[in-house]
Amino acid sequence: MQIEVVKSKIHRVTVTGADLNYIGSVTIDEALMEASNIIEGEKVQIVNINNGERLETYAIKGKKNSGEITLNGPAARKVQRGDVVIIISYALLDFEEAKEFKPSLIFPDESTNTLK
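Using my numbering, the first residue of the sequence shown is number 85, and each one after it goes up by one.
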């Protein structure tokens, strides 16, 4: 049996942009992606703390150490610049493996979106 578990989490970052006319995705500072073990193209869930919205999209790399968190395409309708979000990715693991698995959880500085 396999179960879905949290693989990676970027906890409480501030949205720096919302670009409706981009083709889609969420742009994430490359340093945050590396620290949280999220790769480009990976499916992520965005949880908006300000309005309760939850959406799924995929991650693309932003400039390293820029603090960028930009929701692109249709996702831009679900957030506003300044909203605080949590970015989560999940993995399917064997049940026994999941018991021992440790996710990559990071808690950046919310005001700058940089690692503490």
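Beta carbons: idealized from backbone N, C-alpha and C, even for Gly.
Separation of residue j from residue i, as counted between CA atoms
i      : j      : result
Thr198 : Glu181 : 31 Å
Asp103 : Lys183 : 39 Å
Ala160 : Glu88  : 27 Å
Gly146 : Met117 : 9 Å
Lys200 : Asp193 : 6 Å
Thr196 : Lys91  : 24 Å
Gly149 : Val99  : A small fix is needed here, since residue 149 is Asn in this sequence, not Gly. If you take the alpha carbons of Asn149 and Val99, they lie about 15 Å apart.
Ile144 : Pro158 : 15 Å
Gly151 : Asn121 : 16 Å
Among the options, nearest to residue i - alpha-carbon criterion
i      : options                           : result
Ile172 : Asp178, Gln86, Gly108 and Phe191  : Phe191
Asp113 : Asn105, Ile123 and Ile107         : Ile123
Glu140 : Val128, Gly151 and Lys148         : Val128
Lys93  : Phe179, Ile107, Asn156 and Glu126 : Glu126
For residue i, three-class secondary structure by DSSP
i      : result
Lys145 : strand
Glu88  : strand
Ser188 : strand
Gly136 : coil
Leu155 : strand
Leu116 : helix
Arg96  : strand
Lys200 : coil
Lys183 : helix
Identified DSSP bridge partners for residue i
i      : result
Gly101 : Thr154
Check: If you pair each beta-carbon of the segment 149–166 with each one of the segment 129–138, do three or more pairs fall below 8 Å?
Finding: Judged by pairs of C-beta atoms under 8 Å, the segment 149–166 touches the segment 129–138, as three or more such pairs exist.
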